[in-house]
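Data block below; observations after.
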Amino acid sequence: MFSLPLLFSTLAVANAYIWPSPTLDALESARWDQNGHNAVGFAGFVVPCDLALQGFHSGRANVADWVRTAYHDMATHNVEDGTGGLDASIRLSEETSRAENPGDGFRNTLVEVTSIGIAHVSIADKLAVATILAIENCGGPEIPFRGGRVDAGGPNTPGVPEPQQDLQSHIASFARQGFTPTEMIGLVACGHSFGGVEHAPFPDISPEMHDPNNTLSVSHFDTTFAHFDNNVATEYISGTTQNPLVVGSNDTTNSDKRIFASDGNVTMKSFADSPELFASTCSNLFARMLNTVPRGVQLTDVITPLPVKPSRLQLTMSGNTLKMSGEVRFWNMAADPQRTVFMLLDDHAGGTRNVTLPAAGVSTATGGRYNAAWYTLAPQSSTSLALDAAAGVTGMRFVVDGKLEDQGGVGFAVQDGVVFSDTSCYTSNQEPFKWRMDVAVRNGLNPTRVYLVQIGATDSIGREIAVEVDVPPPAKPVAVNANYSIWSIDMTDGNFYNIEAEVDGRKLIGNDVFGYGATGLKACPTST
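Note that the sequence shown covers residues -16 to -1, 1 to 512 in mature numbering (1 follows the signal peptide of the UniProt record, and there is no 0).
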């Protein structure tokens, strides 16, 4: 067993990439599968929007913590030397222990966003997409998302602005980050549409309130602290604001007051006059904030939803049958019981099989602005589709109400060369673990290497790494049927693995998105 650093390198992305592409598939799902069927899971922490780890009556909101965490992570960026930026360095104790990063919001945010397991997606990308999702689902504008951020291996240079600093210090700090004075006003106003100042980390700014509906004594920036709107501007311009960084008793820490008034209130008045201008400005500035990364990190193009996307595809060899399961998502499509959806399966023999797909569910994104309809890749009466092992499968196409969906003619490629075999089994599915992974390899494929990739492996500072275990080729063929042979390896751990292979210098990614481990197998037959 050996480990290799997993590089979150950027892939060239057109307006819509071609499925399958493991990294882009994962990023696209994280971005667009937000609520409902097959949701990735981030929304569970921010919907409803006054949801907080500390409770509904704490005065806190997770959405505010997530936005603050993303900004503080980015704010170390230096446009001159290219260091700092959104790289998840805020997860490191060297940064959270600094005076510029007080409170438990950063730790809480990282606990929440990293609890969502998504292979091929860095912590920094999770933080970025979670921030976008939180803003969009809590009344905010749609924000373009790019992937490809790389997690830092160490802390960045300090430099997050603090409320007691003077205006020139703040202008210089935002300029170092890459923002003009006008953009500084906008980014502060946009961020402060959420949240407030909590008493515990800022006792000199926010007094203790003894309020059962605000148990942590949070002085809010506006009257809708868990919802995006331009109230932070309208209340400021009208003189009714209770923003503690504008009307605080200690003028030294009234940083919002100094920043908002730095251009004679021109920018804030424009925001107060036009909710649309405020929303569009915030969309742009939030995207700029999230896309501020260390020099040398190349982000993808904006990740837009695939119109048609297979998901959770899984192939299993069972005797002479190749079992296929999974779902397909049709973007921007509502549920319709009258809709007809067919899957056309192409095989190695040149044949095509027509399968009617039953509906599986509906998901939504960006606060309900988009819908997606999901269909199961199996007959109504079964959890999987039985395929002839000899013919196998090479690709899929779909027909929706008479319209062919085939990715512009290339189809949806499916590899059946290396698949999980249900002859895999355990002797012990608890400590001490003892189990066997059987991989069915299609005869004639002749892979140079078959190996397992551990799911969820990380290094000492939380970065995902690739831990690979080679499956030895059999000394002589062990046939599972006339078309496949078995490669086996004995395992003694409780981890889960996906299957991959190399053929003529080309990598084959297994379709086993859930992974396999001792706890998901059947017991091995006992000797008699």
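Where is the CB? At the ideal position from N, CA and C, for every residue including glycine.
Only a predicted model underlies this, so the values are computations on that prediction, with no experimental measurement involved.
Per the C-alpha coordinates, the member of T288, G310 and L306 positioned closest to N316 is T288.
Here the region 407 to 426 lies against the region 465 to 475, with 3 or more beta-carbon pairs under 8 Å apart.
By the Cβ rule, the region 298 to 305 does not count as touching the region 352 to 360, because fewer than three pairs are nearer than 8 Å. Taking a cut-off of 8 Å on C-beta distances, the region 48 to 62 touches the region 86 to 96, as three or more cross pairs fall below it. When Cβ pairs closer than 8 Å are counted between the two stretches, the region 115 to 124 is seen to touch the region 255 to 275, the count reaching three or more. Counting C-beta pairs with one atom in each stretch, the region 180 to 199 and the region 211 to 228 have three or more that are closer than 8 Å, which means they touch.
The shortest CA-to-CA distance from V105 to any of Q149, E12, A159 and T60 is the one to E12. Contact between F498 and Q298 holds: CB atoms are separated by about 7 Å, below the 8 Å threshold. Per DSSP, the continuous beta strand (DSSP E) segment holding D372 begins and ends at L369 to D372.
For E415, there is no enclosing beta strand (DSSP E), as DSSP gives it neither H nor E. The region 277 to 284 makes contact with the region 64 to 73, as at least three CB pairs between them are under 8 Å. At a Cβ-Cβ threshold of 8 Å, D406 and T300 count as neighbours. Within the same chain, N355 come within 6 Å of A318 by CB-CB distance, once the 5 residues on both sides are set aside. S295 has E311 as its beta-bridge partners, per DSSP. Membership of V281 in any beta strand (DSSP E) is not indicated, and neither H nor E is assigned to it by DSSP. The C-beta distance from S347 to A23 rounds to 6 Å, short enough to fall under 8 Å. The Cβ-Cβ distance between V383 and L328 falls below 8 Å. Nearest in C-alpha terms to G143, of all of V134, D135 and H154, is H154.
R337 carries a strand assignment under DSSP once its states are collapsed to helix, strand and coil. Nearest in C-alpha terms to K491, of all of I243, L429 and N197, is L429. Taking a contact as a CB-CB distance under 8 Å, the pair D477 and F417 counts as one, their CB atoms being some 6 Å apart. Fully enclosed alpha helix (DSSP H) runs of no fewer than 4 residues occupy 107 to 121 and 151 to 161 of the region 99 to 169, in order along the chain. The beta-bridge partner set that DSSP reports for I470 consists of A424. Check the Cα spacing between D372 and each of T340, L388, T336 and S366: the tightest is with T336. Where N482 is concerned, there is no enclosing alpha helix (DSSP H), although the beta strand (DSSP E) around it starts and stops at Y481 to V487. W3 sits in coil when the DSSP states are folded into three classes, being neither helix nor strand.
For T207, the closest of I189, H176 and P185 by C-alpha to C-alpha distance is H176. Contact check for L76 and I445: beta-carbon distance about 7 Å, within the 8 Å limit, so the pair qualifies.
By the Cβ-count criterion, A27 is buried, with 16 or more other Cβ atoms from all chains shown falling within 10 Å of its own Cβ. With a minimum length of 4 residues, the unbroken runs of alpha helix (DSSP H) contained wholly in the region 161 to 246 fall at 165 to 175, 215 to 222 and 239 to 244. Here the alpha carbon of Q322 sits roughly 57 Å from the alpha carbon of S190.
Residues of the same chain with a CB within less than 8 Å of the CB of A10, apart from the 5 flanking positions on each side, are I102, A103, H104 and V105 in chain order. Only residues of its own chain outside the window of five on either side were considered, and among them N249, M252, K253 and A256 have a CB closer than 8 Å to the CB of I221, listed in chain order.
Leaving aside the five residues that flank G162 on each side, the residues in its chain whose CB is nearer than 7 Å to its CB run, in chain order, H61, V63 and T276. Residue environment analysis places L388 among the exposed positions, since fewer than 16 neighbouring C-beta atoms fall within 10 angstroms of its C-beta. Per DSSP, the beta bridge partners of C409 are R420 and K506.
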